[in-house]
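According to the numbering used here, the sequence shown is numbered sequentially starting from 171.
These notes are about the structure you will find just below.
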Amino acid sequence: MSALPPKLSTTISRYLESRRGDIVRATETLIRVASENPPGNQYRECAAAIRAVLDDVGLRPDVVAAGADDGAPCIMASIGSSSPTFYLHGHYDVVPAQDREQFELRLLNDRLFGRGSADMKGGLAAVLFAMVALRDSGVTLRGRVQLVIVPDEETAGGRGTSALVRRGLIDRNAVGMITAEPTSGVVWNASRGAISLRTAVRGRPVHVGLQFAGRNAFEGLLEIADELTAMKRKVERHVTAYAIRPAAARNSILMIGGELSGGTNFNVVPGRASFTIDRRLNPEEDFEVAQRALLDLFERARRRGIAVDVETIQTGRASSTSHSSALSTALGRSVRDVTKRAPRFEMCPGMLETRYYAALGIRALAYGPGLLRVAHGPKEFVAVRRLVECARVYALTAARMLR
Ligand SMILES: [Zn+2]
Numbered sequence: 171m172s173a174l175p176p177k178l179s180t181t182i183s184r185y186l187e188s189r190r191g192d193i194v195r196a197t198e199t200l201i202r203v204a205s206e207n208p209p210g211n212q213y214r215e216c217a218a219a220i221r222a223v224l225d226d227v228g229l230r231p232d233v234v235a236a237g238a239d240d241g242a243p244c245i246m247a248s249i250g251s252s253s254p255t256f257y258l259h260g261h262y263d264v265v266p267a268q269d270r271e272q273f274e275l276r277l278l279n280d281r282l283f284g285r286g287s288a289d290m291k292g293g294l295a296a297v298l299f300a301m302v303a304l305r306d307s308g309v310t311l312r313g314r315v316q317l318v319i320v321p322d323e324e325t326a327g328g329r330g331t332s333a334l335v336r337r338g339l340i341d342r343n344a345v346g347m348i349t350a351e352p353t354s355g356v357v358w359n360a361s362r363g364a365i366s367l368r369t370a371v372r373g374r375p376v377h378v379g380l381q382f383a384g385r386n387a388f389e390g391l392l393e394i395a396d397e398l399t400a401m402k403r404k405v406e407r408h409v410t411a412y413a414i415r416p417a418a419a420r421n422s423i424l425m426i427g428g429e430l431s432g433g434t435n436f437n438v439v440p441g442r443a444s445f446t447i448d449r450r451l452n453p454e455e456d457f458e459v460a461q462r463a464l465l466d467l468f469e470r471a472r473r474r475g476i477a478v479d480v481e482t483i484q485t486g487r488a489s490s491t492s493h494s495s496a497l498s499t500a501l502g503r504s505v506r507d508v509t510k511r512a513p514r515f516e517m518c519p520g521m522l523e524t525r526y527y528a529a530l531g532i533r534a535l536a537y538g539p540g541l542l543r544v545a546h547g548p549k550e551f552v553a554v555r556r557l558v559e560c561a562r563v564y565a566l567t568a569a570r571m572l573r
């Protein structure tokens, strides 16, 4: 990786400062579309809004219906030409709002409030303007910067990134990918895997007085939950070597009962009892081993006569990119240039779409303008200053990767 051309950092910084108002307006335009997921509302409207913003800044959008469903389009745009490819990535779906007012924008003391401001429509505006800044700075790129904006991230990527991968639309030879998730100022270079299951015990419902003739699904649930609790104690002894704060966040996860239902009335033997299991794996854990252990537990319950069905809600593998990789170095230097602070690399407590790229052998990191603690919440906001800073960081990183 060679040094950046002299003055490029200053040119990009001045350019993006001059477009601060446009970056805010683009963020507002996107936040006003209630692309809530689940269930996946207004995807077409949101994709149209993104296209309009891209048209507006002179980036030619490519719209791809990656899955079978063209109601969930992916949007791509690029600058530069040929190879290698460097990806800037984001998602346009947002988690459901707590309050409809979250789609009415408020700008207060440099904070832009609204659903998706942090996660991650602010990030989308920042990656988009990073591309514009690179294009207008006149720097020569050896390769292309490819923008990829997808739906469905909040529900495991079915029609978004995983569909792009299935269709071979992600270039395996790409030199890197950055997604603009709300990382609270740190770089996420690792993310957990997940095995999320819903299990339902079937019983036979009868009046309490005829209990002897029924089969209590809840008692079956309790037996399974007991075994899972024992497994939880073992699983959660595992501590990751990746950095994550606070220290308690380093333990592996097996959570039970996130969603819980069953029974019909206090005086009826429950005919059904269902609960969810969310196993989150640290990068050092083996996905197959963890999955097998869970499935074996249910198999044993069946052999004891418990009628239990298991449905997979989602699975995802953990992934990581070394903090000494070329991409990490380029991003780290750019973070330092812009924020005057040393970059910090940490593990994301949740799942990231970096995993799809990492599975193809592409180095992938997350870094974005939002704060994780406000993402998904009722007072979600993003700082305008951070939108501009992150756009600078993305532009400089792309320039470094394509020198
Ligand atoms: Zn997100």
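Quick reminder that beta carbons are idealized off the backbone N, C-alpha and C, glycines included.
Values in this document were obtained by computation on a predicted structure and should not be read as measured data.
- Buried or exposed: P243, going by 16 or more other Cβ atoms within 10 Å of its Cβ? buried
- Return the CA-CA distance between G260 and L542, expressed in angstroms with no decimal places. 15 Å
- Query: Using a threshold of 6 Å, is the CB atom of M347 nearer than that to any non-hydrogen atom of ligand 1?
  - Reply: no
- Where does T353 sit, in a helix, a strand or coil, going by DSSP? coil
- Message: Please tell me whether A463 has its Cβ less than 7 Å away from any Cβ of chain C.
- Response: As a matter of chain content, chain C is missing from the structure shown, which is built from one protein chain.
- Span of the alpha helix (DSSP H) holding F299? 292–307
- Query: What distance in whole Å lies between the Cβ atoms of G373 and R442, which are believed to be in contact at a cut-off of 8 Å?
  - Reply: 7 Å
- Message: For V558, tell me which candidate among G293, L229, I414 has the shortest Cα-Cα distance.
- Response: G293
- Query: Going by DSSP, which residues form a beta bridge with F445?
  - Reply: T369, L430
- Task: With a 10 Å radius around its C-beta and 16 neighbouring C-beta atoms as the bar for buried, classify P416 as buried or exposed.
- Result: exposed
- Query: Who are the near neighbours of V505 in its chain, counting only those whose CB is closer than 6 Å to its CB and skipping five residues on each side?
  - Reply: P513, V563
- Who are the near neighbours of T446 in its chain, counting only those whose CB is closer than 6 Å to its CB and skipping five residues on each side? R368, G428, E429
- Who are the Cβ neighbours of G524 in its own chain at under 8 Å, not counting the five residues just before and after it? Note that residue 524 corresponds to Thr in the displayed sequence, not to Gly. Result list for T524: M347, T349, W358, S361, S489, T491, A534, L535, A536, in chain order.
- For N421: DSSP bridge partner residues: V409
- Looking at the unbroken alpha helix (DSSP H) that takes in A217, where does it start and where does it end? 213–226
- Since Q316 is in the alpha helix (DSSP H), which residue starts that stretch and which ends it? Taken as a continuous stretch (DSSP letters only), Q316 belongs to no alpha helix (DSSP H), being part of the beta strand (DSSP E) at 314–320.
- Looking at the unbroken beta strand (DSSP E) that takes in M517, where does it start and where does it end? 515–518
- Query: If you measure from each residue's Cβ to the nearest non-hydrogen atom of ligand 1, which ones come out under 5 Å, in chain order?
  - Reply: D289, M290, E351
- Message: What does the Cβ neighbour count give for K510, buried or exposed, with the cut at 16 atoms within 10 Å?
- Response: exposed
- Helix, strand or coil for E481, going by three-state DSSP, please let me know. strand
- Would you mind sorting N452 into buried or exposed? The rule is 16 or more other CB atoms within 10 Å of its CB. buried
- Item | Bridge partner(s) assigned by DSSP for I348 | L258, L535
- Task: Out of K291, Y527, P231, point me to the one whose CA is closest to V203's CA.
- Result: K291
- Task: For A173, write down the residues that DSSP places opposite it in a beta bridge.
- Result: Partner(s): none; A173 has no beta bridge.
- Task: Could you say if the stretch 271–291 and the stretch 328–339 meet the contact criterion of at least three C-beta pairs nearer than 8 Å?
- Result: no
- Query: Using 8 Å as the threshold, is the stretch 276–286 in touch with the stretch 299–314, meaning 3 or more CB pairs across them?
  - Reply: no
- Query: Taking Cβ positions, are A217 and I245 nearer each other than 7 Å?
  - Reply: yes
- Message: Helix, strand or coil for D192? Go by DSSP, reduced to three states.
- Response: helix
- Message: One question on the structure: do S205 and V264 come within less than 7 Å of each other, judged by their Cβ atoms?
- Response: yes
- When you compare only the Cα positions, how much space is there between L572 and R312? 5 Å
- D322: buried (16+ other C-beta within 10 angstroms of its C-beta) or exposed? buried
- Would you mind stating whether I423 and E516 have Cβ atoms separated by less than 7 Å? no
- Distance, A236 Cα to L467 Cα: 37 Å
- Task: Please check the pair D225 and P231, which I expect to be a contact at CB under 8 Å, by giving their CB distance rounded to whole angstroms.
- Result: 7 Å
- Buried or exposed: which applies to Q316, given that a residue is buried once 16 or more other Cβ atoms fall within 10 Å of its Cβ? buried
- Determine the direct distance from the alpha carbon of M425 to that of L398, and round the result to whole angstroms. 9 Å
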